[in-house]
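Visitor:
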Amino acid sequence: MSSNNINNIKLVIINWNANGIKQNRNTFAAFLSAHNVDIECVSKTHLIASDKIKFNGYTTYLKDSLSVQPEGGVAIIIKTKIKNHQTYPPTLQTLEAVAISISINHSITTIISAYQSPSFQMYTNDFDKILNSYQRILLVGDLNCKRT
1172 MSSNNINNIK
1182 LVIINWNANG
1192 IKQNRNTFAA
1202 FLSAHNVDIE
1212 CVSKTHLIAS
1222 DKIKFNGYTT
1232 YLKDSLSVQP
1242 EGGVAIIIKT
1252 KIKNHQTYPP
1262 TLQTLEAVAI
1272 SISINHSITT
1282 IISAYQSPSF
1292 QMYTNDFDKI
1302 LNSYQRILLV
1312 GDLNCKRT
């Protein structure tokens, strides 16, 4: 059953720093099932463009790492029964991001899974671009924010 709009229900949204989703696939699938996760935001997938990963009952959206090595990368994994569509974040300099939009209480909410590699200088304008591009947003991930 697909819902065009989510009203007054509990959504289970989890953020996971996978540090490699392929080698942790079975653990991840068990976690999705055991905790009845609706939406999983994943950072550090370590996937390359040719990699595909699927979970029964879920749709997966991927963004590969900006690095030549498969060391970053992000994903959003959402139950297929939740109506959604992929949204494309603005062009970003160093922040890796994948986004979807869903309707909650008749308002569009954008969910973004993001990863900021500690190897790259953080550009705050990447965050400004994202925050100024959407009205309702949930930005989650491994942002490697450090005090300076």
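Residue numbers are given in this note's numbering: position 148 of the sequence shown equals residue 1319, and the series is strictly consecutive.
Idealized CB from N, CA, C, for every residue including glycine.
#1: Would you give the residue range spanned by the beta strand (DSSP E) that I1180 belongs to?
#2: For Q1287, which beta-bridge partners are listed by DSSP?
#3: Would you report the Cα separation of N1255 and I1273, rounded to the nearest angstrom?
#4: Indicate the three-state DSSP secondary structure (helix, strand or coil) for S1272 in the structure shown.
#5: Would you list, in sequence order, the uninterrupted beta strand (DSSP E) runs of no fewer than 3 residues that lie entirely inside the segment 1192-1259?
#6: When you compare each of A1268, T1230, Q1194, Q1292 to C1316 by their alpha carbons, which one comes out closest?
#7: Starting from L1302, follow the alpha helix (DSSP H) in both directions and report where the run begins and ends.
Guide: Straight from the coordinates:
#1: Translated into the one-based positions of the sequence shown, residue 1180 becomes position 9. Neither: I1180 is in no beta strand (DSSP E) and is coded neither H nor E.
#2: Walking along the sequence shown from the start, residue 1287 turns up at place 116. In DSSP, Q1287 forms a bridge with L1266.
#3: Indexing the sequence shown from 1 puts residue 1255 at position 84. Indexing the sequence shown from 1 puts residue 1273 at position 102. Roughly 5 Å separates the two Cα atoms.
#4: For the purposes of this step, residue 1272 is identified with residue 101 of the sequence shown, where counting begins at 1. Note: S1272 maps to strand in three-state DSSP.
#5: 1210-1214, 1229-1234, 1245-1250, 1256-1258
#6: Here residue 1316 refers to the residue found at position 145 when the sequence shown is read from its first residue. For C1316, the nearest C-alpha among the options comes from Q1292.
#7: For the purposes of this step, residue 1302 is taken as residue 131 along the sequence shown, with counting starting at 1. Looking at the DSSP string, the run of the alpha helix (DSSP H) that includes L1302 is 1295-1304.
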